[in-house]
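So the structure is just underneath, and the comments pick up after that.
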Amino acid sequence: MPHMTAFARNQWYVAAYAEEVGRELLGRTILGEPLVFYRTEEEGTPVALHDRCVHRRYPLSKSGLDGDRIVCGYHGFTYDTTGACVYVPGQKRIPRTARVASYPVVEQDSLIWVWIGDPALADPQTIPRAKHLAAPGWLTVRGMEPIDADYGLLVDNLLDLSHETYLHGGYIGTPEVAETPITTEVDEGAGVVRVSRHMDDAECPPFYAKSTGIEGRITRWQDIEYFAPCLYLLHSRIAPVGVLPEADGSDPNGFHTEITYAITPSTDGKVYDFWMVSRDWATDDDEVTGFLKGNNHTVVMQDVVALNLLQETLGSERTGYQELSINIDTGGLAARRILARLVEQGEKPVEKVQ
């Protein structure tokens, strides 16, 4: 078996997009825990419960709702939003142990966040922000792909964008991405890794050329912020060579795109890859929206195929094999260090992120 990145349990993770959670029961497995999600009828508040009936372990996500209560589809055991069993068939007395775990859940920035660890430590203030996902003037395309690979491999992949040149050539990759040195900053205390790559004179990849209409060479900035363990922001700015956008991306000649990934471990060797592309330009152009969604989905699937293959390869490696790491791996190695610390130190939640 390949090395598995241990799970940091006392952390917030993205379980779903807000629009995925409704009155239809949704099952997801997060950190090895099977969960069921739904919204209450009146307030529309998201609820997260353990997805197995206490009686015969039937999946509650394959059951039904009666108002705000889940009725097990096998024998009718019925649970309220706190996970307490309020009805068992054929008897008045409800056994004391008849309850399923409920999990703290928060809806923020169009994402549903869940806390798998000690509920007493679940502070919503520590959830990292991705405000552009729900901000006026921004349009987001999104999707989710399950990958049969350790979630640490996806973290590595996203923190080293030099692979764009080789794995994603013809989409987002150009020679300059791999050739340009990176700068890396690590805030160990807050559990944040920042990796930047600024290209002064680069080829414009099809992903941007076809969506922005820019012809010729570009200035291209990639500024990554990774909030361990689960949220990855890539602040991407491009402009024709010689035209630098303002720091807030407001220059009319520059194009500011926010690429967001939520990295949610499912079980050992399986991860949910939530991907989002947000823009504040050409937001009423359906053709651009469709192109960005299709193109980015292709890029994500290239990663899925590569990481599935890598997981398989690592599974057949002899014990004690050595990886070689180089400068481009600085961010990924810092992330591995932080993830190991979050697991080790009793997993105190990360500091508040503004």
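With this note's numbering applied, the sequence shown has no gaps in its numbers, which climb one by one up to 361 at the end.
Cβ atoms here follow ideal geometry from the backbone N, Cα and C, with glycine treated the same way.
About 6 Å separates the beta carbon of residue 37 from that of residue 273, a gap short enough to meet the 8 Å contact definition. About 18 Å separates the Cβ atoms of residue 61 and residue 45, ruling out a contact at the 8 Å cut-off.
For residue 144, the three-state secondary structure derived from DSSP is coil. Taken atom to atom, the span from the alpha-carbon of residue 160 to that of residue 219 is near 31 Å. Taking a 10 Å sphere around the C-beta of residue 331, we find fewer than 16 other C-beta atoms and assign the residue as exposed. Where residue 281 is concerned, there is no enclosing alpha helix (DSSP H), although the beta strand (DSSP E) around it starts and stops at 277-286. Here residue 326 is not bridged, per DSSP, to any residue. When the alpha-carbon of residue 336 is set against those of 202, 264 and 247, the nearest one is in 202.
Every beta strand (DSSP E) stretch that sits fully inside the segment 136-212 and reaches 3 residues is listed by chain position as 146-154, 190-194 and 199-209. The beta strand (DSSP E) runs lying completely inside the segment 93-127 and spanning 3 residues or more are 112-115 and 118-122, given in chain order. Straight-line measurement puts the Cα of residue 333 at about 21 Å from the Cα of residue 194.
Cα atoms of residue 82 and residue 93: separation of roughly 13 Å, rounded to the nearest angstrom.
Residue burial is scored here from C-beta neighbours: residue 267 has at least 16 other C-beta atoms within 10 angstroms and is therefore classed as buried. In the structure shown, residue 55 adopts extended strand secondary structure according to DSSP, grouped into three states.
When DSSP states are grouped into helix, strand and coil, residue 44 belongs to the strand group. Counting the other CB atoms within 10 Å of its CB gives residue 328 a total below 16, which places it among the exposed residues. Bridge partners of residue 232 according to DSSP: 201 and 240. Secondary structure note for residue 266: its beta strand (DSSP E) is the uninterrupted segment 262-274. With respect to residue 140, residue 235 sits apart: the two C-beta atoms are not nearer than 8 Å.
Under the 10 Å beta carbon count, residue 285 is surrounded by 16 or more other beta carbons and is classified as buried. CA-CA distance, residue 138 to residue 118, rounds to 10 Å.
Between residue 212 and residue 180, the CB-CB gap stays under 8 Å. DSSP places residue 293 in the helix class (H, G or I) of the three-state scheme. For residue 77, DSSP records a beta bridge to 72 and 86.
According to the DSSP secondary-structure assignment, residue 33 is paired through a beta bridge with 44.
In this structure residue 191 touches residue 338 by the C-beta definition: roughly 5 Å separates them, less than 8 Å.
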